[in-house]
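>
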Amino acid sequence: MLQQLLMLFGFFSLVLALVFWVNKAVSLLDWLMGDGQSASVFLQLTLLSLPTILVNLLPIAAFAATVYVTNRLSAESELVVVQAAGYSPYRLARPVFFFSLIVAAMVAILAHVLVPLSVQELDMRRSEIARDVTARLLTEGTFVHPTKGITFYVRNISAAGELEDIYLSNSRDASQRQSFMASRALIVKGDGSTENGAPMLLMFDGMAQTYEFSGKRLSVTRFDSFAYGLGGLINTDVAGTRSIRATTTFDLLRANPALQADTGVSKDGMIAEANMRMNKALQSVAISLIGFGTLIVGGFSRFGLWRQILVAIVLLVVVKSIDNTLEGMIDNDARLWPFRYFATLLGLGMSWALLWKAAHPRLRRAPGLGSAS
Numbered sequence: 000m001l002q003q004l005l006m007l008f009g010f011f012s013l014v015l016a017l018v019f020w021v022n023k024a025v026s027l028l029d030w031l032m033g034d035g036q037s038a039s040v041f042l043q044l045t046l047l048s049l050p051t052i053l054v055n056l057l058p059i060a061a062f063a064a065t066v067y068v069t070n071r072l073s074a075e076s077e078l079v080v081v082q083a084a085g086y087s088p089y090r091l092a093r094p095v096f097f098f099s100l101i102v103a104a105m106v107a108i109l110a111h112v113l114v115p116l117s118v119q120e121l122d123m124r125r126s127e128i129a130r131d132v133t134a135r136l137l138t139e140g141t142f143v144h145p146t147k148g149i150t151f152y153v154r155n156i157s158a159a160g161e162l163e164d165i166y167l168s169n170s171r172d173a174s175q176r177q178s179f180m181a182s183r184a185l186i187v188k189g190d191g192s193t194e195n196g197a198p199m200l201l202m203f204d205g206m207a208q209t210y211e212f213s214g215k216r217l218s219v220t221r222f223d224s225f226a227y228g229l230g231g232l233i234n235t236d237v238a239g240t241r242s243i244r245a246t247t248t249f250d251l252l253r254a255n256p257a258l259q260a261d262t263g264v265s266k267d268g269m270i271a272e273a274n275m276r277m278n279k280a281l282q283s284v285a286i287s288l289i290g291f292g293t294l295i296v297g298g299f300s301r302f303g304l305w306r307q308i309l310v311a312i313v314l315l316v317v318v319k320s321i322d323n324t325l326e327g328m329i330d331n332d333a334r335l336w337p338f339r340y341f342a343t344l345l346g347l348g349m350s351w352a353l354l355w356k357a358a359h360p361r362l363r364r365a366p367g368l369g370s371a372s
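Residue numbers (numbering that gives the first Met the number 0): 0 to 372.
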């Protein structure tokens, strides 16, 4: 049974990962295409987002595998045979329990190690993309919009890196719109003399137009050479606070003052984040046992266990809904972090009650859970 659970768990994990990964990749692809990034950058970022996706869907995949395997064993009368041989529901739940511990270990590794590392690397890659002005601007023959109110066009880029026939429009100012056209241009990296070290756009043989909306007046200036700072057009200052999701659990539990100042999160907030990661692993055990307990309590029926499967799904939704509600409360007040485990403990209590009821068949009279036939 454990082997079947692991095989089906791998299948459901793969299917769910593909579904969530495609959904994540669509929004990420739209953002990267707008910035002119390559396919390799897209692949790197989507792979880095995979641990965050897996840590949330592995418990659901474990639930699906448990329900599927239990339903198949019941349909093939294997559960009836082993129960007739004297196996109690608690003993039958032993493989499911070991299976849930394996899933919990996977989730724990993801939550405590892989997710913080991937988020840290993802933040670094996003920072590099934010600084990479050339990738965001240099797309031949296409009007690009690196940020709202900015339009840039270059007809051709020579082998030497020279821009030919460029157009730049800046309409971020509500009172006027600036437009620049030049036959040649170069992008030069900034130095310490420029604000934030922002790059400069050096334009040659061109024209600058400024249109004032209030007076409806157009000013035209022709130039042989003109330097335009790109720091005001693209936010190259990506320095910010450290993400708490990129912080290891060990550092979160220490919660030293330097880390609190770096992340802008209080000590209670760090403890709440660490316990959230621990709870994800423990919840895998509760969810798997709920799926098994709900189906085992129904006994054998030649009409199938579809009603028990619906009840298991409802119980799963109840546990996850309570967990999400408490998560919102803890986000508003981190001092409530001990309630993080309430939904998990409730799920374990449900699974124990279901197994106890299955062990006492004389008490199994609920019409909603079916009867042996």
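Beta carbons are placed, not taken as given, at the ideal position from N, Cα and C, and that holds for glycine.
Could you tell me how far apart the beta carbons of A342 and I321 are, in whole angstroms, since I believe they sit closer than 8 angstroms?
Under the criterion of beta carbons closer than 8 angstroms, A342 and I321 qualify as touching, at roughly 4 angstroms.
> Around the C-beta of H111, are 16 or more other C-beta atoms found within 10 angstroms, so that it is buried, or is it exposed?
If you draw a 10 Å sphere on the C-beta of H111, you find 16 or more other C-beta atoms in it, and that means buried.
> Using CA atoms only, rank isn't needed, just tell me which of R154, Q208, L200 is closest to S178.
Q208
> Do you know offhand how far S76's Cα is from L251's?
49 angstroms
> May I ask which residues mark the beginning and end of the beta strand (DSSP E) holding A107?
From DSSP, A107 is part of no beta strand (DSSP E) but of the alpha helix (DSSP H) over 88-108.
> Report yes if the C-beta distance between R125 and Q43 is below 9 angstroms; otherwise report no.
no
> Evaluate W305 with the Cβ neighbour count: other Cβ atoms within 10 Å of its Cβ, from every protein chain shown; 16 or more gives buried, anything less gives exposed.
exposed
> So what does DSSP say about T141, is it helix, strand or coil?
coil
> Per DSSP, what kind of secondary structure is M199 in: helix, strand or coil?
M199: strand per DSSP, three-state reduction.
> Can you give me the C-alpha to C-alpha distance between V81 and A273, rounded to a whole angstrom?
If you take the alpha carbons of V81 and A273, they lie about 42 angstroms apart.
> Tell me which same chain residues have a C-beta within less than 6 angstroms of the C-beta of S117, skipping the five on either side of it?
The residues L47, P50, in chain order, have a CB closer than 6 angstroms to that of S117 in the same chain once the five nearest residues on each side in sequence are set aside.
> With I149 as the anchor, note down where its alpha helix (DSSP H) starts and where it stops.
Here I149 belongs to no alpha helix (DSSP H); instead the beta strand (DSSP E) covers 149-156.
> What would DSSP say about N323, mapped onto helix, strand or coil?
The answer is helix: DSSP assigns N323 an H, G or I state.
> Let me know if G205 comes out buried or exposed under the rule of 16 or more other beta-carbons within 10 Å of its beta-carbon.
buried
> Return yes when the Cβ of L288 is within less than 9 angstroms of the Cβ of L354, no when it is not.
yes
> Rounded to a whole number of angstroms, what is the C-alpha to C-alpha distance between A173 and G140?
28 angstroms
> Please give the ranges of any alpha helix (DSSP H) in the segment 237-288, keeping only runs that are unbroken, at least 4 residues long and fully inside the region.
248-253, 256-262
> For S242, which of K215, R154, M199, T262 has the nearest alpha-carbon?
That would be T262, whose Cα lies nearest to the Cα of S242.
> How would you write the range of the alpha helix (DSSP H) that V68 sits in, first residue to last?
49-74
> Between the Cα of V106 and the Cα atoms of S87, A60, F151, which residue gives the shortest distance?
A60
> I'd like to know whether the C-beta atoms of L57 and L7 end up nearer to each other than 9 angstroms.
no
> Go to L344, then tell me how far its alpha helix (DSSP H) extends in each direction, as first and last residue.
341-358
> Answer with buried or exposed for R276, where buried requires no fewer than 16 other C-beta atoms within 10 angstroms of its C-beta.
buried
> Within 10 angstroms of its Cβ, does A226 collect 16 or more other Cβ (buried), or is it exposed?
The residue in question, A226, is exposed, as its Cβ has fewer than 16 Cβ neighbours within 10 Å.
> Please report the distance separating the alpha-carbon of D330 from that of W336.
9 angstroms
> Report the residue from L4, Y210, A181, T248 whose alpha carbon sits nearest the alpha carbon of E163.
Of L4, Y210, A181, T248, the smallest CA-CA separation from E163 is found for A181.
> Report the rounded CA-to-CA distance for I84 versus F96, giving the unit in angstroms.
Correcting the residue type first, residue 84 is Ala in the shown sequence and not Ile. Whole-angstrom Cα-Cα distance: 21 angstroms.
> Check this for me: beta carbons of L315 and I286, under 9 angstroms apart or not?
Yes.
> Would you kindly report the start and end of the unbroken beta strand (DSSP E) that includes L185?
That run of the beta strand (DSSP E) goes 175-187.
> According to the neighbour-count rule (16 or more other Cβ atoms, all chains shown, within 10 Å of its Cβ), is S12 buried or exposed?
Flag for S12 reads buried.
> Under the DSSP definition of a beta bridge, which residues are partnered with V81?
Paired residues: none, contrary to the question.
> Using only the alpha-carbon positions, how far apart do P94 and L1 sit?
5 angstroms
> Taking the alpha carbon of I454 as the reference point, which residue from V284, L167, P198 has its own alpha carbon closest?
In the structure displayed, the chain extends from 0 to 372; residue 454 sits before or after that span and is not available.
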